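Q:
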Amino acid sequence: MQSGSKMYPGQILFLLLSCFILPPPCPALPDVIPIGGVFHPESNDHQDVAFQYAVERINMDTYLLPHSRLERHIANVSFVDSFTTGKRGFKEVRTAPSRTSTSVDVCDLMEVGVTAVFGPESDRSKGIVRSICDTLEIPNLQTNWRGGLKLDAPCQLNLHPDPDAIALALVDVLKFLSWKSFAIVYESNEGLMRLQEVFKSRDQLSAKISVYQLSMDGDHRPLFKDIHDSTQTHILLDCATDNIMDILRQAKEVDMFGDYENYFITSLDAHTLDFSEFEHLQTNVTFLRLIDPNSPEVINAVNDWVHGEREYGRVLNIRPETVRVEAALMYDAVNLFAKAITQLDNNNPIEVTPLNCESGNVWPYGFALKNYMKHIKFKGMTGGISFDARGWRNHFTLDVVEVLYGGITKIGVWDSIDGINSTKTYEEKLIEIEKSIQNKTFVVFSKIGMPYLGWKDKKAEGNDRFEGFSMDLISEIMTMMKAKGFEFRVVSDNNHGSLNKETGKWNGIMKEIIDRVTFPLVYYA
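As structure tokens, this is what we get:
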């Protein structure tokens, strides 16, 4: 209003009425936003814990959903009993599946007006939950690709990295390791499906590949004996995380987990295992890691979980280094939902609508909410999160890590654009080599033949029995390398080695090299 201008009585009355009649701006979201989680009590992956504390953290956030709070509703269903998961709910509806207890529990969630369903993990329950959510148009957020199916479900969004991209990462690591031959050891047909990209890339890898399936009875030693006899030393292992340590122990029992073997494990949860029992071995174990335990997102979340459980009088035995992928993905999924519904609220008023699986009614905001989630980008416990047009997660990064002396070391980073970038310096590699030599006693096989090697005193013990150029040279080399020690042995047949064409086996020094008993870089006539 310009200086000196008059305000008429009608204008004054309008302004006064506006102050009392016009409501203050308020958010369109309801005060309480119900969400549902479907979990398995027998699972130990802490998805339910991640779900709980993601909700609590968001409810304390003054910027995210400042005028609303999330309210969690839980359906605990058996991991193996899909009948239990649906039975209470999906009753003779349109295209409804047969009545199961999974649908019962999920339909109970629908009746309280949940705006999204998180989980479940089990394949048997997952299909039922997906079907109910699609029918009622409620977003369903998943955290695994178990089962190998990538269905274009209209209301489903999966935060787990695309398995095809994971397969490409496996191929890139194999190239990085420069394996020219290796054995694939797999547990299930599902695992074999995950490795199809490796088979397709055989020519790129220029590698000879042999394939072995782990025994159903749990005794894997005969399998590893066969691999040992084949002289193969590189193993690509695909199995459940909980079975890895037992498999490696059995490999060790038959001399397939020693100085000469190299393992590449496909599980994204391998970082949660304790490899300290192998700290005196020099077997190289490599795997990929989605979760960076040093990231503030992981550290802060785990602190919330541990302190929160302590407030309830419970003990949660977990550290940033032992968080499983699906728990971290669950935490990220709840945050993704909260960010998306906040953005949707800026454009559309949203109502919570209790639904009945029998009525055929739908939640009118479900498709829009899923589309908003597909366009959200943020950094969570599992790194950068974004989705392609199909709703599959893309542009994620994986750490390439190796186990040496029982400890885990990051040696590179993989992403879908640049492949692998090594993070280990030349100096660090030299230090590792020196350390491995200093902790090792070398066995050197040879044959008697002066001036290289001859008997000095057959009654003496150890290296004092021998003399000659080979003894002097190896002694100097070991001193320069600061090796722990070395031991000379003479082959029983005093031969360099020859191949028996009938048995396909070698004798002499060559036999000891093939059997990985001797130091393979030096042997003397």
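Here the sequence shown is numbered in our numbering, starting from 744 and rising by one per residue.
Ideal Cβ positions, reconstructed from N, Cα and C, are used throughout, including at glycine.
It should be emphasised that the depicted structure is a prediction, and the values quoted were computed from it without experimental measurement.
Scan the segment 946 to 988 and note each continuous beta strand (DSSP E) run of 3 residues or more that stays entirely inside, going in chain order.
A: Counting only runs of 3 or more, we get 951 to 956 and 977 to 981.
Q: When you compare the segment 991 to 1002 with the segment 859 to 872, are there three or more beta-carbon pairs, one atom per stretch, that lie closer than 8 angstroms?
A: no
Q: Could you tell me whether the segment 849 to 865 touches the segment 878 to 887, where touching means 3 or more Cβ pairs closer than 8 angstroms?
A: With a cut-off of 8 angstroms, the segment 878 to 887 and the segment 849 to 865 count as touching, because enough Cβ pairs lie within range.
Q: Might you give, ordered along the chain, the residues of its own chain that have their beta carbon closer than 8 angstroms to the beta carbon of residue 1207, omitting 5 neighbours on each side?
A: 1199 and 1200
Q: Does the separation of the CB atoms of residue 1076 and residue 902 fall below 8 angstroms?
A: yes
Q: Compute the Euclidean distance between the alpha carbons of residue 1038 and residue 1070, then round it to the nearest angstrom.
A: The alpha-carbon of residue 1038 is positioned some 16 angstroms away from that of residue 1070.
Q: Mark residue 1150 as exposed unless 16 or more other C-beta atoms lie within 10 angstroms of its C-beta, in which case mark it buried.
A: Exposed, because fewer than 16 other Cβ atoms sit within 10 Å of the Cβ of residue 1150.
Q: Can at least three beta-carbon pairs, one atom from the segment 1021 to 1031 and one from the segment 1104 to 1114, be found at a separation below 8 angstroms?
A: As far as the Cβ criterion goes, the segment 1021 to 1031 does not touch the segment 1104 to 1114, which means the pair count is below three.
Q: If the criterion is Cβ atoms closer than 8 angstroms, does the pair residue 938 and residue 981 meet it?
A: When the beta-carbon positions are compared, residue 938 and residue 981 come within less than 8 angstroms of each other.
Q: Taking buried to mean at least 16 other C-beta atoms within 10 Å of its own C-beta, is residue 1166 buried or exposed?
A: exposed
Q: Determine the direct distance from the alpha carbon of residue 960 to that of residue 836, and round the result to whole angstroms.
A: The predicted model places residue 836 with a pLDDT of 31, which falls under 50 and marks its position as unreliable, so this point remains unresolved.
Q: Quick check on the DSSP output: the beta strand (DSSP E) that includes residue 1107 runs from which residue to which?
A: Counting along the chain, residue 1107 falls outside any beta strand (DSSP E), and DSSP gives it neither H nor E.
Q: Taking buried to mean at least 16 other C-beta atoms within 10 Å of its own C-beta, is residue 1196 buried or exposed?
A: So residue 1196 counts as buried.
Q: What would DSSP say about residue 913, mapped onto helix, strand or coil?
A: Three-state result, residue 913: helix.
Q: With burial defined as no fewer than 16 other Cβ atoms inside 10 Å of the residue's Cβ, what is the status of residue 1252: buried or exposed?
A: buried
Q: Quick one, which of 1116, 795 and 932 has its alpha-carbon nearest residue 957's?
A: 932
Q: If distances are taken between C-alpha atoms only, which option among 1092, 815, 1142 and 848 comes closest to residue 1099?
A: Considering only alpha carbons, the answer is 848.
Q: For residue 766, is the classification buried or exposed, using 16 other Cβ atoms within 10 angstroms of its Cβ as the cut-off for buried?
A: A caution first: residue 766 carries a pLDDT of 48, below 50, which makes its placement in the model too unreliable to give a value.
Q: Looking only at its chain, what residues have a beta carbon closer than 7 angstroms to the beta carbon of residue 729, apart from the 5 residues adjacent to it on each side?
A: Any question about residue 729 goes unanswered here, given that the chain covers just 744 to 1268.
Q: Please identify the residue among 1220, 1058 and 1067 whose C-alpha is closest to the C-alpha of residue 1187.
A: 1220
Q: Suppose you measure from the CA of residue 920 to the CA of residue 1105; what does that come to, to the nearest Å?
A: The alpha-carbon atoms of residue 920 and residue 1105 are separated by roughly 52 angstroms.
Q: For a test of the three-state rule: what should DSSP assign to residue 1250, helix, strand or coil?
A: Residue state, collapsed to three classes: coil.
Q: Enumerate in chain order the residues of its own chain whose CB-to-CB distance from residue 768 is below 6 angstroms, with the five nearest sequence positions on each side excluded.
A: Caution is warranted here: a pLDDT of 47 is assigned to residue 768, below 50, making its placement in the model unreliable, and the coordinate value is therefore given only provisionally. Excluding sequence neighbours, residue 768 sits near nothing in its chain.
Q: Once DSSP output is grouped into helix, strand and coil, what is the label at residue 831?
A: The pLDDT assigned to residue 831 is 40, lower than 50, so where the model puts this residue is not dependable; a value taken from the coordinates is nonetheless given after this. The answer is coil: DSSP assigns residue 831 none of H, G, I, E or B.
Q: Looking only at its chain, what residues have a beta carbon closer than 8 angstroms to the beta carbon of residue 1160, apart from the 5 residues adjacent to it on each side?
A: The beta carbon of residue 1160 sits closer than 8 angstroms to the beta carbons of 1138 from its chain, once the five residues preceding and following it are set aside; these are given in chain order.
Q: Looking only at DSSP bridge pairs, what is residue 899 linked to?
A: Residue 899 pairs with 883.
Q: Mind checking which residues open and close the beta strand (DSSP E) that includes residue 1140?
A: Following the DSSP letters along the chain, one finds residue 1140 inside the beta strand (DSSP E) bounded by residues 1140 to 1147.
Q: Would you list the residues sitting across from residue 1122 in a DSSP beta bridge?
A: Answer is 1127.
Q: Taking residue 1231 as the reference, which of 1225, 1250 and 1185 has the closest Cα?
A: 1185
Q: Helix or strand or just coil, what does DSSP make of residue 1036?
A: coil
Q: Just the Cα atoms here: how many angstroms apart are residue 898 and residue 879?
A: 9 angstroms
Q: Thinking C-alpha only, which one of 1057, 914, 807 and 974 is nearest residue 949?
A: The closest CA to that of residue 949, considering only 1057, 914, 807 and 974, is found on 914.
Q: Mind checking residue 973: buried by the 16 CB within 10 Å criterion, or exposed?
A: exposed
Q: If we call anything under 8 angstroms between Cβ atoms a contact, is residue 1143 one with residue 1155?
A: With contacts defined by Cβ atoms closer than 8 angstroms, residue 1143 and residue 1155 form a contacting pair.
Q: Starting from the Cα of residue 791, find the closest Cα among 1016, 799 and 780 and give me that residue.
A: 780
Q: Would you list, in sequence order, the uninterrupted alpha helix (DSSP H) runs of no fewer than 4 residues that lie entirely inside the segment 1051 to 1084?
A: none
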